[in-house]
Amino acid sequence: MTQFMNSKEDLVTDAVDGIVAASGGKLARLDGYPHIRVVVRNDWDKSKVALVSGGGSGHEPAHAGFVGEGMLTAAVCGDVFASPSVDAVLAGILAVTGPAGCLLIVKNYTGDRLNFGLAAERAKAFGLDVSMVVVDDDVALPDLPQARGVAGTLFVHKIAGALAERGVKLDEITRRVETVIAGTKTIGMSLDTCTVPGSPKETRIPKGMAELGLGIHGEAGVEQIEYSDAKQAMDAVVAKLDKHMGDGQHVALLNNLGGASVLEMAVLANEMVSSSIAAKLKWIVGPAAMVTSLDMRGFSVSVYPAGLEDLDALAQPTPLSAWPGLFEITPVKILNLPDGLAPIKPLPSEHKETRAFLTKCCEILIESESDLNALDAKSGDGDTGSTLAGAARALIATMDTLPLADHTQLYRAIGQELSQTMGGSSGVLLAIFFAAAGDAASSGLSMTGSLKAGLARMQDIGGAKLGDRTMVDALYPALDALEDSLHLAAKAARAGADHTATLTKANAGRASYINAQQLEGHTDPGAEAVARLFEHLQG
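Going left to right, the sequence shown walks through residues 1 to 539 as my numbering numbers them.
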């Protein structure tokens, strides 16, 4: 897989310099490249307890992204997924530790424990007061003699950072965070493994499956389960966590393992706050990418039963953008639509033939969803099929509320429904089309005349003309031929749609932003949808 890097050997050093350069002067790095890669606070005066953490790179923004006021004093960066050396850790300790001492925050991996532990002993030989805590929050593999340290480490970073900023002594900070570590539990899930730079991608997780409890270095999890949707994924994760949670109120940290989109993480947040452990969750950190695993397409949930002092420390402001902040989970607040936007619903009425006709139209669009998306992917963003199918499903769901026996009002009602349920420019244009058709029908025009009036109005506002490579290229000739017969309308729609594949320039719609090479030979998806409608209806 191609990645944005210069070379595997320079990846971490280049990244560290990028982090420091973009910090606005708040960070610096120690000399000693490439073997010593330590990011430190540029404003540190050694008057308070120093906090040093780190480990392998590939977990960004952890650890360097959490260096700053109210969190870490220094981060020691190893190679990707590899512990930094003893000398690198020792350099970090010596650079930031003063009379108040230093706390090392280490995730429970053998390399990290050994290298940070030996560096601590050597620092003590220099006369420094150094303490070390080991985070072991992962509950995925209960039979392991030593649990892994994962995203729950951030609770320790934040609480220790707040205490250190206030001038609390090293012994007290150590005691407090040991309690935090004992109470923090984490588990993750992913749909795919991560891609380690310079190495072939492992394809351990089959399509349609998700792995529960995998590690932040791509280590195999406790089990692979069938994946159906976000709710099922979150249910599986919280079921594991629930066994380790008491009845009190907890803070949840929802972490993006690197490859999930922001949109997906918001969906997962919604599922988490309505899950089986929702009653035990009162505060949330995230959703955000905090302790990642390169590009792993997954998430983790950490929970901690924070007391008042811990909550105060977690809520203490920090300027670091990598820390999303602590927020109380609240019910979704719904406000009434402003005056003028609340739809005026026409009186529903029944007409079996119209219901059957509309339902068939909707079913045609739903069946064509994948094909139209594939067509749209050639010239747009690949969502035309989903947009039309979504509107069709909404129309079927609202069928009982429509004035099916009054076609004049029906056109307007369909337009109103599409304006609410169909996104993108096509939703607006079709809403205009049906609203104008309703106005025309109320003036006494026939069905075909009304639809032509709707098309004319849609063209006036949308600007699309014949030959612009849009749905108009199929709809215009189809309506022209409809007065003669539905069969001729279907033939005209198909000819118009097929013709769009010969047009290498689009003058309207999203395809107008695409170069001619990408358009050549591909039918416009909107025109194809119109052609399919007419073809199926005539059959």
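The C-beta atom is built at its ideal place from N, Cα and C for all residues, glycine as well.
Please return the same chain residues whose Cβ sits closer than 6 Å to the Cβ of residue i, not counting the five positions on each side in sequence.
i: Leu503; result: Arg469
i: Gly382; result: Asn373, Asp376
i: Ile19; result: Ala64
i: Ile284; result: Ala252, Phe327, Ile329
i: Glu202; result: Thr193
i: Leu128; result: Thr97
i: Pro61; result: Ala322
i: Pro525; result: Leu372, Leu375, Asp376, Thr384
i: Leu548; result: In the structure as shown, the chain starts at 1 and stops at 539, and residue 548 therefore has no counterpart that could be examined.
Looking at the secondary structure, which residues open and close the alpha helix (DSSP H) in which residue i lies?
i: Lys333; result: From DSSP, Lys333 is part of no alpha helix (DSSP H); its letter is neither H nor E.
i: Arg532; result: 525-538
i: Ala554; result: The chain is shown only over 1 to 539; residue 554 falls outside these bounds and no answer can be derived.
i: Ala492; result: 486-500
i: Arg355; result: 352-367
i: Ala230; result: 230-242
i: Ala220; result: Run containing Ala220: none; DSSP gives neither H nor E here.
i: Arg457; result: 447-462
i: Ser541; result: Examination of residue 541 is not possible in this model, given that the chain is present from 1 through 539 alone.
i: Ile386; result: In the sequence on display, residue 386 carries Ser and not Ile. Ser386 -> alpha helix (DSSP H) spans 384-397.
i: Asp17; result: 11-21
i: Leu482; result: 472-482
i: Ile277; result: No alpha helix (DSSP H) holds Ile277; DSSP gives it neither H nor E.
Below 8 Å on the Cβ atoms is my guess for residue i versus residue j; work out the distance and round it to an integer in Å.
i: Val134; j: Val106; result: 5 Å
i: Ala436; j: Gly424; result: In fact, because the Cβ distance is near 19 Å, the residues do not count as touching under 8 Å.
i: Gly149; j: Asn115; result: Between Asn115 and Gly149 the Cβ distance is about 14 Å, and since that is not below 8 Å, they are no contact.
i: Ala74; j: Ala50; result: 7 Å
i: Arg355; j: Leu404; result: 6 Å
i: Leu347; j: Leu395; result: Leu347 to Leu395, Cβ: 18 Å. No contact.
i: Ala492; j: Val530; result: Between Val530 and Ala492 the Cβ distance is about 10 Å, and since that is not below 8 Å, they are no contact.
i: His157; j: Leu72; result: 6 Å
i: Leu94; j: Ala120; result: That pair is no contact at about 12 Å.
In the DSSP assignment, what residue or residues form a beta bridge with residue i?
i: Leu284; result: The amino acid occupying residue 284 in the given sequence is Ile; Leu does not appear at that position. For Ile284, which the question treats as bridged, DSSP gives the partners Ala252, Phe327.
i: Tyr304; result: Val251
i: Lys124; result: Bridge partners of Lys124: none, in fact.
i: Ile105; result: Ser53, Val133
i: Gly340; result: Answer is none; Gly340 lacks a bridge partner.
i: Met296; result: Gly258
i: Val67; result: Leu72
i: Asp138; result: Thr186
i: Ser349; result: Pro403
Over what stretch of residues does the beta strand (DSSP E) that includes residue i continue unbroken?
i: Ser57; result: 50-57
i: Thr186; result: 185-190
i: Gln224; result: 223-226
i: Val76; result: 74-80
i: Val156; result: From DSSP, Val156 is part of no beta strand (DSSP E) but of the alpha helix (DSSP H) over 153-165.
i: Glu211; result: 209-212
i: Arg29; result: 27-29
i: Arg41; result: 38-41
Is residue j closer than 9 Å to residue i when the C-beta atoms are compared?
i: Arg37; j: Cys77; result: yes
i: Val67; j: Val39; result: yes
i: Ala464; j: Arg494; result: no
i: Gly467; j: Ser302; result: no
i: Met189; j: Gly221; result: yes
i: Met540; j: Leu281; result: Past the boundaries of the shown model lies residue 540; the chain is included only from 1 to 539, so the question cannot be answered.
i: Gly167; j: Lys48; result: yes
i: Thr186; j: Ser300; result: yes
i: Ala260; j: Arg297; result: yes
i: Ala91; j: Leu170; result: no
i: Leu308; j: Ile159; result: no
i: Tyr411; j: Gly438; result: yes
i: Pro200; j: Gln224; result: no
i: Gln409; j: Ala431; result: no
i: Phe155; j: Asp310; result: yes
i: Pro287; j: Pro331; result: no
i: His407; j: Ala441; result: yes
i: Leu257; j: Ala140; result: no
Any heavy atom of the ligand ZN within a distance shorter than 8 Å of the CB on residue i?
i: Leu281; result: No copy of the ligand ZN occurs in the structure displayed, which carries no ligand at all.
Leaving out five residues before and five after residue i in sequence, what residues of the same chain have Cβ atoms less than 8 Å from its Cβ?
i: Leu479; result: Thr448, Leu451, Lys452, Leu455, Ala489
i: Val196; result: Gly58, Val80, Phe81, Gly218, Leu294
i: Gly427; result: Thr387, Ala391, Leu418, Ser419, Thr421
i: Met399; result: Arg355, Leu358, Thr359
i: Thr523; result: Leu375, Ala497, Asp498, Thr500, Ala501
Tell me which same chain residues have a C-beta within less than 7 Å of the C-beta of residue i, skipping the five on either side of it?
i: Ala28; result: Val20, Val40, Asn42
i: Arg532; result: Ile364, Ser368
i: Asn515; result: Low local confidence applies: a pLDDT of 45 at Asn515 is under 50, so the model's placement there is unreliable, with the coordinate-based value given in what follows. Once the five neighbours on either side are set aside, Asn515 has no close Cβ partner at all.
i: Gln517; result: Reliability of the predicted coordinates at Gln517 is poor, the pLDDT of 48 falling under 50, and the value obtained from them is presented with this limitation in mind. Taken in chain order, the list of residues that qualify is empty.
i: Tyr513; result: Note that Tyr513 scores 39 on pLDDT, short of 50, meaning its location in the model is unreliable; the coordinates nonetheless yield the value given after this. For Tyr513, where only same-chain residues beyond five positions count, there are no Cβ hits under 7 Å.
i: Lys124; result: Val130
i: Ile173; result: Val49, Leu103, Ala160, Leu163, Ala164
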